[in-house]
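Numbering (my numbering), first residue to last: 88 to 647. Note that beta-carbon positions come from the ideal geometry of N, C-alpha and C, so glycine has one too. Taking it in order: structure first as structure tokens, then the write-up.
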Amino acid sequence: MFKEIVINAGEEETRVAVLEDRVLVEMYIERSFQQRLVGNIFRGRVENVLPGMQAAFVDIGLDKNAFLYVEDALPPRGGDGFHHHGLGTSITDILKKGQDVIVQIVKEPIGTKGPRVTTHVTLPGRYVVLMPTMDYIGISRRIEQERERERLKELAARLKPEGMGLIVRTVAEGVEEEDFAQDVHMLTRLWRKILHRAGQGPVPNLIHRDLELIQRILRDVFTEDVDRLTVDSRSEYEKIMELLDITSPKLKYKVFLEERENIFQDYGIEQEIERALKRKVWLKCGGYLVIDQAEALTVIDVNTGKYVGSTNLEDTVLKTNLDAAVEIARQLRLRNIGGIIIIDFIDMQQEGHRRQVLKVLEEEIKKDKTRTNILGITQLGLVEMTRKKVRPSLSEVLQRPCPYCEGRGKVLSEETVGIHFKNRIIELARRTSADTILVEAHPLVAARLIGSGGVNLRELEQKTGKNLYIRGSQGQHIESVSIRPLYSKEEVIAHTLPVKPGQVLEVKVEEPHISNTNDGIARIDGFILDIEGAGSLVGETVPVEVSKVYRTYARARLVK
């Protein structure tokens with residue numbers, strides 16, 4: 088597999104794409120005004136302790152207080168670095184209001200939630216992670232060879248600072264003792280610096296900031312198995328080469344500078360990001376996925392779509408589900424979806440087919456660095472899984488809920504809006520002394536209020552005893568209608584009709600007239616122009632002169 092990293096270093100944001108065989112699988116975005124918080128270490132002050140939640144809120148100087156859960160506050164005991172307190176220890180035994188604590192952010196503030204923090208600091212290096220508050224040795228599960236695991240365990244035990252812990256990262260496989268020792272030494276020095284800073288200055292205070300995006304990518308993602316790293320900025324290229332000189336000189340030959348206008352466009356990444364924000368994802372076979380991210384969980388539905396297969400239904404279903412399993416694993420990484428995930432594969436009759444699909448899903452998920460668990464199939468045939476949520480998902484970074492539908496994904500239909508505002512018009516007519524009422528609405532709603540040939544409008548005028556001007560306007564949101572009384576004749580003329588007799592305009596003929604197909608119809612802000620003899624000019628823009636203006640439409644003729 089050809090694995091590459093493409094970096095687009097812009098002024099306001101840095102974007103990093105990870106591609107496998109030219110297919111986008113991971114995206115990292117960091118914006119200058121929106122610094123990433125995970126990994127940052129603060130000296131904070133306990134704001135309040137909540138025994139009912141077994142948690143505390145810690146002021147670390149951000150908009151929202153950080154949330155410290157009892158498990159993340161317990162002092163470790165025992166040589167294995169884990170807690171042996173049973174369930175008896177209460178948060179009130181560990182923390183008091185007003186107490187100062189050193190905490191590290193483990194989860195970004197997402198939505199309404201403040202950041203989640205821990206007192207168990209971890210400092211990641213290239214080959215190891217230092218755990219200054221835990222006495223523990225761990226080896227990455229991805230290192231599978233037993234002999235190598237033993238070698239690394241023995242190495243870690245020898246180099247581990249007294250009373251601290253080390254986790255050996257996947258990249259350490261086959262690494263010499265010297266590189267390993269250098270990493271441990273650098274991290275121990277960093278921890279001493281952090282403690283020194285914590286002893287000075289105000290509270291709350293940021294005492295350590297994790298590396299910027301590009302440096303983190305070099306530390307965590309740019310490993311031996313990456314074939315190429317391309318960056319589009321000369322200054323960033325030079326910084327990368329400098330950093331690799333110190334940490335991994337062997338990787339320097341894989342770094343390339345390509346100063347392009349838009350590197351993401353050229354690599355087809357821009358289009359992939361757009362697709363990664365859509366609900367619907369097409370599969371190569373013609374089937375498709377629908378991905379819905381809700382508050383509590385993400386639901387993925389698999390459909391056969393355009394794929395009809397060639398042999399029998401079972402084969403068609405299996406092929407779609409297998410394609411879907413591969414694509415789902417990619418989409419979870421790409422969209423960075425965390426939390427509970429439920430997948431509704433198409434029903435499979437044969438147990439063997441089910442096992443096959445789950446196996447493919449498991450294989451594909453192995454490529455994902457983020458911890459993911461497949462929990463199996465429920466009685467309804469749904470696959471349940473979880474994926475660790477550390478940073479906000481792609482859609483949380485790039486989008487915000489629609490201010491119109493407030494994240495419902497739906498707006499009221501024109502019928503609903505029409506009925507509601509018809510009643511509002513009747514109500515206003517009862518209260519106002521004005522003879523004329525102007526109604527401005529989205530063209531779809533206006534058409535519904537006017538009715539075919541003006542039938543609803545006439546009925547409404549009879550009911551209210553007022554002159555009604557109903558105008559369609561593209562600028563109006565489909566759920567809102569503006570209704571206002573017009574008192575003077577001048578006001579009526581100024582506000583009601585968008586055209587005057589004798590006016591010459593350029594308009595686009597949209598459709599032929601329903602009953603008189605010789606004429607064409609154009610619209611100005613939803614106001615209808617009936618153009619004589621323009622039935623054959625649909626789609627063309629033509630100059631016309633307004634001949635006669637009525638209340639709901641005007642007649643016009645072509646200017647020769």
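For residue i, the nearest candidate out of the options (CA to CA)
i: residue 229; options: 600, 110, 565, 453; result: 453
i: residue 326; options: 232, 240, 299, 531; result: 299
i: residue 460; options: 91, 106, 451; result: 451
i: residue 93; options: 507, 180, 357, 124; result: 357
i: residue 448; options: 412, 429, 642; result: 412
i: residue 558; options: 314, 534, 205; result: 534
i: residue 628; options: 203, 594, 498, 604; result: 594
i: residue 199; options: 154, 184, 320, 540; result: 154
i: residue 115; options: 475, 480, 233; result: 480
i: residue 435; options: 147, 285, 409; result: 409
i: residue 133; options: 624, 179, 244, 340; result: 179
i: residue 218; options: 468, 640, 509, 254; result: 254
i: residue 238; options: 224, 483, 151; result: 224
i: residue 270; options: 349, 600, 423, 306; result: 306
i: residue 274; options: 304, 210, 259; result: 210
i: residue 335; options: 321, 309, 635; result: 309
i: residue 647; options: 640, 109, 620; result: 620
i: residue 144; options: 119, 518, 186; result: 186
i: residue 106; options: 119, 100, 91; result: 91
i: residue 197; options: 146, 124, 399; result: 124
i: residue 374; options: 626, 351, 405; result: 405
i: residue 236; options: 249, 246, 247, 259; result: 259
Burial state of residue i, where buried means 16 or more other Cβ atoms lie within 10 Å
i: residue 137; result: exposed
i: residue 553; result: buried
i: residue 333; result: exposed
i: residue 177; result: exposed
i: residue 162; result: exposed
i: residue 490; result: exposed
i: residue 520; result: exposed
i: residue 291; result: buried
i: residue 420; result: buried
i: residue 169; result: Since pLDDT at residue 169 reaches only 49, below the 50 mark, its modelled position is unreliable, and no value is offered.
i: residue 563; result: buried
i: residue 391; result: buried
i: residue 88; result: exposed
i: residue 251; result: buried
i: residue 364; result: exposed
i: residue 183; result: exposed
i: residue 522; result: exposed
i: residue 319; result: buried
i: residue 295; result: buried
i: residue 324; result: buried
Reduced DSSP secondary structure (H/G/I, E/B, other) of residue i
i: residue 640; result: strand
i: residue 552; result: coil
i: residue 593; result: strand
i: residue 564; result: coil
i: residue 575; result: coil
i: residue 629; result: strand
i: residue 621; result: coil
i: residue 285; result: helix
i: residue 403; result: helix
i: residue 474; result: strand
i: residue 374; result: coil
i: residue 380; result: strand
i: residue 452; result: helix
i: residue 433; result: coil
i: residue 388; result: strand
i: residue 570; result: strand
i: residue 315; result: strand
Bridge partners - residue i, DSSP secondary structure assignment
i: residue 101; result: 96, 117
i: residue 89; result: BP columns for residue 89 are empty, so no partner.
i: residue 610; result: 615
i: residue 413; result: According to DSSP, which records beta bridges pairwise, residue 413 is partnered with nothing at all.
i: residue 601; result: None; residue 601 has no bridge partner.
i: residue 129; result: 190, 293
i: residue 111; result: 106
i: residue 645; result: 631
i: residue 135; result: 144
i: residue 459; result: 474
Proximity test, residue i beta-carbon vs the ligand MN heavy atom, cut-off 7 Å
i: residue 132; result: Summarising the ligand content, the structure contains no ligands, and the ligand MN is consequently not present.
Interface flag, residue i vs chain C, CB-CB below 8 Å
i: residue 421; result: Annotation note: the requested chain C is absent from the structure, which comprises a single protein chain.
As an exercise, report each continuous alpha helix (DSSP H) stretch of at least 4 residues that is fully enclosed by the region 230–276, in chain order. Taking only runs of at least 4 residues, the alpha helix (DSSP H) segments lying wholly in the region 230–276 are 233–246.
Any chance you could list the alpha helix (DSSP H) runs of at least 4 consecutive residues sitting entirely within the region 147–227, in chain order? 178–181
To test your reading of the DSSP string, which unbroken alpha helix (DSSP H) runs of 4 or more residues are found completely within the region 320–372? 321–334, 350–353, 356–362, all fully within the region 320–372.
Runs of 3 residues minimum, wholly inside the region 477–542: which ones carry the beta strand (DSSP E) assignment? 523–528
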